[in-house]
Amino acid sequence: MPRSRTAPSSPPSVPSENGRMPHTELSRMCNLLNNLSEKLDRIALGLVPSSFQQGSSLRQTSENVNVVETTETKPLTEKGDSAQVDQSWFCPSATRSSSNVHGPNPWLQKLVPAANIEIFDGDPRSWPRFIAGFKSMVHDSLSSDVDCLAVLAQLLSPRLREGFAGLLSTPSMYPQVLQELQNLYGDPVAAVQSHALALTSIEPLRSESLAEMERFYLQVNGPVTVLERN
Numbered sequence: 221m222p223r224s225r226t227a228p229s230s231p232p233s234v235p236s237e238n239g240r241m242p243h244t245e246l247s248r249m250c251n252l253l254n255n256l257s258e259k260l261d262r263i264a265l266g267l268v269p270s271s272f273q274q275g276s277s278l279r280q281t282s283e284n285v286n287v288v289e290t291t292e293t294k295p296l297t298e299k300g301d302s303a304q305v306d307q308s309w310f311c312p313s314a315t316r317s318s319s320n321v322h323g324p325n326p327w328l329q330k331l332v333p334a335a336n337i338e339i340f341d342g343d344p345r346s347w348p349r350f351i352a353g354f355k356s357m358v359h360d361s362l363s364s365d366v367d368c369l370a371v372l373a374q375l376l377s378p379r380l381r382e383g384f385a386g387l388l389s390t391p392s393m394y395p396q397v398l399q400e401l402q403n404l405y406g407d408p409v410a411a412v413q414s415h416a417l418a419l420t421s422i423e424p425l426r427s428e429s430l431a432e433m434e435r436f437y438l439q440v441n442g443p444v445t446v447l448e449r450n
């Protein structure tokens with residue numbers, strides 16, 4: 221009896237762990253990476269036209285080269301302003317108590333993990349998020365500067381805690397500690413530059429596997445999003 225010449229059916233595709241087919245996951249990740257590439261192009265080229273247009277308009281009304289150069293760099297300054305931190309609450313307030321006769325409450329050390337505030341290690345990229353969380357969860361919740369200072373000390377890395385040891389030991393220095401930290405790590409231009417520098421340190425793709433593409437996307441997406449917004 222002659223054998224059938226029907227071609228054998230191909231094996232069924234094996235879904236990935238989340239239920240999607242592997243080729244669908246790869247296609248989705250490729251699209252995400254392509255979108256990131258387009259964002260980088262816009263970031264790299266977006267400043268050139270605006271700077272050129274503003275510079276040209278000034279050249280028509282003035283021959284002062286210094287004015288032209290200042291205006292051409294203005295877009296960068298304006299964009300950096302959006303990352304600035306509200307410092308108005310750093311100043312001492314009459315409604316707050318600068319001391320606590322009972323000393324720091326023992327439960328304050330448990331407040332930090334409960335509030336899920338990440339320890340600040342001196343990275344300018346983390347400062348806006350850190351100080352916003354500290355204000356919302358600590359400064360606005362406690363009425364005593366000594367309590368706030370006790371929590372702030374626990375939220376600083378050992379290196380920063382040692383560097384600010386003199387100020388952290390005096391409750392009346394609470395506003396000054398906040399201002400010193402802002403002066404050191406709150407520069408929006410430095411924060412944006414650190415995100416740009418982070419892009420240069422990302423390890424290139426080692427393979428075309430889904431896991432490797434996902435790793436690369438997650439590492440690139442954060443800095444690109446910040447640069448695009450600022």
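Each residue of the sequence shown is one higher than the last, beginning at 221 in the numbering used here.
Built from N, CA and C at the ideal position, the CB exists for glycine as well.
Compare the C-alpha of residue i against each of the options and name the closest.
i      : options                           : result
Leu376 : Tyr437, Asp343, Val366 and Glu245 : Asp343
Gln402 : Leu252, Leu430 and Gln307         : Gln307
Glu461 : Arg435, Ile351 and Glu245         : Summary: the structure shown does not reach residue 461, with the chain confined to residues 221 through 450, and so no result is reported for it.
Pro391 : Val412, Glu434, Cys368 and Leu404 : Cys368
Glu245 : Asn441, Leu398 and Glu434         : Glu434
Ala370 : Gln413, Leu380, Tyr394 and Glu432 : Tyr394
Cys311 : Asn251, His359 and Pro443         : His359
Val412 : Leu398, Ser346 and Asn336         : Ser346
Leu253 : Val446, Asn441 and Val397         : Asn441
Asp365 : Leu419, Glu382, Gln396 and Ala410 : Gln396
Ser414 : Glu448, Ser257, Asn336 and Pro443 : Pro443
Leu398 : Thr445, Asn251 and Phe354         : Phe354
Met357 : Gln374, Ile337, Ala373 and Asn251 : Ile337
Val446 : Leu419, Gly383 and Leu387         : Leu419
Cys250 : Gly383, Glu428 and Ala410         : Glu428
Arg379 : Glu258, Glu448, Ser247 and Ile339 : Ile339
Pro348 : Leu256, Ser257, Phe436 and Leu404 : Leu404
For residue i, name the three-state secondary structure that DSSP assigns.
i      : result
Leu375 : helix
Leu425 : coil
Ser389 : coil
Ser356 : helix
Arg435 : helix
Phe350 : helix
Asp261 : helix
Gln399 : helix
Val440 : helix
Val305 : coil
Cys311 : coil
Gly383 : helix
Arg449 : helix
Arg248 : helix
What does DSSP give as the partner residue(s) for residue i in the beta ladder?
i      : result
Phe340 : Leu376
Does the Cβ of residue i have 16 or more other Cβ atoms within 10 Å, making it buried, or fewer, making it exposed?
i      : result
Val438 : The residue asked about is misnamed: residue 438 is Leu in this sequence, not Val. Flag for Leu438 reads exposed.
Ser276 : Reliability fails at Ser276, whose pLDDT of 46 lies under 50, so the model's placement of it is uncertain and the value that follows must be treated cautiously. That one is exposed.
Ala431 : exposed
Ser417 : Per the sequence shown, residue 417 should be read as Leu rather than Ser. Burial call: exposed.
Ile422 : exposed
Asp341 : exposed
Asp261 : exposed
Ser389 : exposed
Pro408 : buried
Gly406 : buried
Leu425 : exposed
So does residue i have its beta carbon nearer than 6 Å to some heavy atom of the ligand HEM?
i      : result
Asp341 : Looking for the ligand HEM in the displayed structure turns up nothing, as the structure carries no ligands at all.
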